[in-house]
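Visitor: My structure is below; once you've seen it, I'll send some questions.
Residue numbers (the numbering used here), protein chains in the order written: chain F, 18 to 307; chain R, 73 to 401; chain G, 44 to 293.
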């Protein structure tokens, strides 16, 4: 049972799926790092993005790898607008209110999807969905390999934005010291909204990478986001390298526990990791003290 | 005695309702609203007075529901003992979770997250474990009688849930005016300052969580007796976590009557939506979500807080804190 | 002299590579006012946080009333009779002035009525009698400092740690509050205060400790301290004492 012929493909598959998790977790951790709140609407936004990618394919005939270039900016704008004109003003600068507002938005988005599209599960058919790359000892699904590479491209792009642009510097300044940044003339509401937009854009990209091999229904985002929460906590809230490493670890752990324990127990395993990390080391692997 | 007069008055008025209203639909609506008010009062003790916003009170509601049902169905325990057992189990779970979470110093986002995850773990376990009936759920056999805690008349259930709500109101009022309550509120406002004044913050929060969990579990126990069926989606579903926090926030967070008022408003809105557009899936929750965002936006202290500031404005007093904004240290 | 009520012995505290407090020792004599002074960043507030249990020391011990209380959590120290104020005031903003003080009063009075009576009395003692029903966030800076003082006094402490209660007040506000502090000392509360307002230190304190770069560099009566060259150097820089001395010589 423990033969490398089974283990190694499982590990590789875990890494590939972990990369998608990483992208979702990246959005979450970015928002946490700057706004210092967990965005509970992240999962609902992922569901919405999956629906968007689905309909872009069905109605407009756009391949997800094409529509991503439309959806990423569209979801950036959506995130920006949500934070700037709803979450920000509605929560009066109070963290607990901000949590509640994102929770409220999650409920609204998720149930609006349910209302509009019912609970049906939908999939799209792309020619490359089942194409594989033969490595000799195992086969890799093409869409997952594409996803893996895309995630690292996105992470690199984010790093460039954060390091070399004025907006990136402003974001880092606000994350470190909000009041100081404000005094230095940085528009904090704008920076918050840009960050939220970037986080939401990550979700849209993840959706386009997922849809070729995955399905969509109004609740689909939840499962991913609970995993993303685990990753963010494991890697350290607000830490980008933590999110990447945490995601790959969780991907592998999930793949292996699925192999040994079966699907639903594998899921519990992830939650247990999550709760144990929260209780024992809330700062995560890479994070500063919570 | 004086602080309890409003509670007595409200209970007296509500207790008279079944003598005037005979429609089963209306009574059924009120029973469910009161059940949610009870669950919300549980959330309010920890969230409203203690400032610890739980996103997973389903954990306690569901435990109450399952324990009540399982004790009767699988162990032949008397329904009333099953009811008490459900409350005790909920309280114990609250104590265990509180001790773990608060000792490791989790608050804010982390606390919301860990409660949410905890409820989700329980939901997954309940959906596969044999003792809960796994995916099929657990059905309590219909057997009317006082001994079995099953009644033909809606009014009987109505008075029982009203009595439970009454107890929770008195409890909230007692807490508000006790030393424990003062400490709990102090922890909400500023934990470090409270510690410096001799408040053992993590114990105070844990005790609040026990009380909170017991009250919300009681609502779950009642659910089991009233509907005689439970599955993992009902017991540990997000819906109850949302409704438990929605009602006090809409009614007035950290106030005695907030959850009751909030539950009546929320349930009325949900019902109105159903009447207007038919029973479409998700519609009630869309409305709840919208109301949640709007209330926080416009009246962060809920209807009761909003009314209080409106009255102050009418009296042309200097308005307290900028237009009803709640400030947390 | 009797054993001091509070004895801090060889306390060291590091944050990463930074040594905030370095083998500091001090004592507060029962019934007296002791001052802890030193330049900004000397580690005064850190030392206070160690004494009141908010920060753990890496080395050293704290004894209170003859018992070793090193590393005890803040609430337990408060129950033993150590109260502190915060340099950056931390009122419960959502509550009224009376309710703020009530939290402290509840420490030794379980019953609400008894605690309320204590709270009202202490509110009046610190000069907040007119403000008891106001919301805490409506108070001025001076009012908040008084509230901070009142809340900790309401716990009926044996030892009161005052962290810059006079900072940010104007001279007339300082003149108003100094007698309040003296009065509570007269009633038997031992006071250890961090203070920058030297005038107040000179008039209140019987014993002064000087902390610089984490070390206690001098102790003595206020008059001894101001004449101590080491203290002058700590505040004004190396060689300052000599330069000042030379100027006086001419």
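Positions of the beta carbon are idealized from the N, C-alpha and C atoms, including for glycine.
1. Spatial neighbours of residue 122(F) within its chain, please: C-beta separation below 6 Å, excluding the five flanking residues on both sides.
2. Taking 7 Å as the CB-CB limit, is residue 365(R) close to chain F?
3. Which value, in whole angstroms, describes the spacing of the CA atoms of residue 299(R) and residue 212(R)?
4. Just to confirm the assignment: which complete beta strand (DSSP E) runs, minimum length 3, are found wholly within the stretch 193 to 247 of chain G?
5. Less than 7 Å between the beta carbons of residue 257(G) and residue 64(G), yes or no?
6. Residue 321(R) versus chain F: which residues are under 8 Å apart at the beta carbon?
7. Taking 7 Å as the CB-CB cut-off, is residue 26(F) touching chain R?
8. Quick one, which of 183(G), 155(G) and 195(G) has its alpha-carbon nearest residue 166(G)'s?
9. Taking the alpha carbon of residue 108(F) as the point to measure from, which residue in 372(R), 377(R), 383(R) and 378(R) has its own alpha carbon closest?
10. Considering only the beta carbon of each residue, do residue 118(R) and residue 236(R) sit closer than 7 Å?
11. Give the secondary structure of residue 224(F) by DSSP, where H, G and I count as helix, E and B as strand, and everything else as coil.
12. Quick one, which residues of the stretch 116 to 143 of chain F are near chain R if we go by CB-CB under 9 Å, in chain order?
13. Pull up the CB-CB distance for residue 220(R) and residue 142(R), whole angstroms please, since I reckon it's below 8 Å.
14. Which residue wins for smallest C-alpha separation from residue 27(F), given the options 156(F), 78(F) and 241(F)?
15. Tell me whether residue 94(F) sits in a helix, a strand or coil according to DSSP, three-state version.
16. Are the beta-carbon atoms belonging to residue 344(R) and residue 356(R) less than 7 Å from one another?
17. Would you mind telling me which residues of chain G sit closer than 9 Å to residue 255(R), beta carbon to beta carbon, in chain order?
18. By the DSSP assignment, the alpha helix (DSSP H) with residue 96(R) in it spans what residues?
19. Identify each residue in the stretch 261 to 273 of chain R for which the Cβ-Cβ distance to at least one residue of chain G is less than 8 Å, and report them in chain order.
20. Can you give me the Cβ contacts of residue 245(R) inside the same chain, cut-off strictly under 8 Å, excluding the 5 residues immediately before and after it?
21. For residue 76(G) versus residue 248(G), is the C-beta distance shorter than 7 Å?
22. Determine, using beta carbons only, whether residue 203(R) and residue 289(R) come nearer to each other than 7 Å.
23. Per DSSP, residue 302(R) is paired with what?
24. Around the Cβ of residue 154(F), are there at least 16 other Cβ atoms within 10 angstroms (buried) or fewer (exposed)?
25. Taking DSSP as the reference, what is the three-state secondary structure of residue 68(G)?
26. Hey, quick one: how far does the alpha helix (DSSP H) through residue 151(F) stretch, first residue to last?
27. For residue 278(R), is the classification buried or exposed, using 16 other Cβ atoms within 10 angstroms of its Cβ as the cut-off for buried?
28. Name, please, each residue of chain F whose Cβ falls closer than 8 Å to the Cβ of residue 358(R).
29. Please classify residue 101(G): does DSSP put it in a helix, a strand, or coil?
30. Could you tell me which whole alpha helix (DSSP H) segments of length 4 or greater appear in the stretch 96 to 179 of chain F?
31. Taking residue 271(G) as part of the beta strand (DSSP E), name the residues at either end of that continuous run.
32. Step through the CB atoms of chain A and report whether any lies within less than 7 Å of the CB of residue 249(R).
33. Express the C-alpha separation of residue 209(G) and residue 240(G) in angstroms, rounding to a whole number.
34. On the premise that residue 232(F) lies in contact with residue 139(F), defined as a C-beta separation below 8 Å, what is that separation, rounded to the nearest angstrom?
35. For residue 101(R) and residue 285(R), I'd like the C-alpha separation in whole angstroms.
36. Using DSSP with H/G/I as helix, E/B as strand and the rest coil, what is residue 106(G)?
Guide: Per the coordinate set shown:
1. Cβ-Cβ distances below 6 Å link residue 122(F) to 58 in the same chain, with the five nearest sequence neighbours on each side left out; the list follows chain order.
2. Taking 7 Å as the CB threshold, residue 365(R) lines the interface with chain F.
3. Distance between the alpha carbons of residue 299(R) and residue 212(R): 9 Å.
4. List check, beta strand (DSSP E) in window: 202 to 206 and 233 to 237.
5. Against a cut-off of 7 Å, the Cβ pair of residue 64(G) and residue 257(G) comes out as a contact.
6. What residue 321(R) touches in chain F: 117.
7. Answer no: the Cβ-Cβ gap between residue 26(F) and chain R never drops below 7 Å.
8. Minimum Cα-Cα distance from residue 166(G) among the listed residues 183(G), 155(G) and 195(G) corresponds to 195(G).
9. Nearest option by C-alpha distance: 372(R).
10. No.
11. DSSP places residue 224(F) in helix when its eight states are reduced to three.
12. From the stretch 116 to 143 of chain F, only 116, 117, 118, 120, 121, 122, 123, 124, 125, 126, 127, 128, 129, 130, 131, 132, 133, 135 and 136 have a Cβ closer than 9 Å to chain R.
13. So it is not a contact: roughly 15 Å between Cβ atoms.
14. Closest option to residue 27(F), Cα to Cα, is 156(F).
15. In the structure shown, residue 94(F) sits in a helix (DSSP, three-state: H, G or I).
16. No. Outside cutoff.
17. In chain order: 146 and 149.
18. Note, residue 96(R): alpha helix (DSSP H), 96 to 115.
19. Flagged, chain order: 261, 262, 264, 265, 266, 267, 268, 269, 270, 271, 272 and 273.
20. For residue 245(R), where only same-chain residues beyond five positions count, the Cβ hits under 8 Å are 75, 76, 79 and 328.
21. Yes, the Cβ-Cβ distance between residue 76(G) and residue 248(G) is below 7 Å.
22. Judged by their CB atoms, residue 203(R) and residue 289(R) are not nearer to each other than the 7 Å cut-off.
23. In the DSSP output, where bridge partners are listed per residue, residue 302(R) has 210(R).
24. Label assigned to residue 154(F): exposed.
25. Reduced to three states, the DSSP call for residue 68(G) is strand.
26. First-last for residue 151(F): 149 to 151, but that is the beta strand (DSSP E), not the alpha helix (DSSP H).
27. Per the 10 Å Cβ criterion, buried.
28. Identification of chain F residues near residue 358(R) by a Cβ-Cβ cut-off of 8 Å yields 124, 125, 128, 129 and 132, ordered along the chain.
29. In this structure, residue 101(G) counts as coil in the three-state DSSP scheme.
30. Inside the stretch 96 to 179 of chain F, DSSP marks whole alpha helix (DSSP H) runs of 4 or more residues at positions 105 to 108 and 112 to 134, from first to last along the chain.
31. Premise fails: residue 271(G) is in no beta strand (DSSP E) and is neither H nor E.
32. Included in the structure are the protein chains F, R and G, with no chain A among them.
33. Annotation: residue 240(G) to residue 209(G) spans about 7 Å, alpha carbon to alpha carbon.
34. About 6 Å; that satisfies the 8 Å criterion.
35. Cα to Cα, the separation comes out at about 24 Å.
36. Strand, per DSSP.
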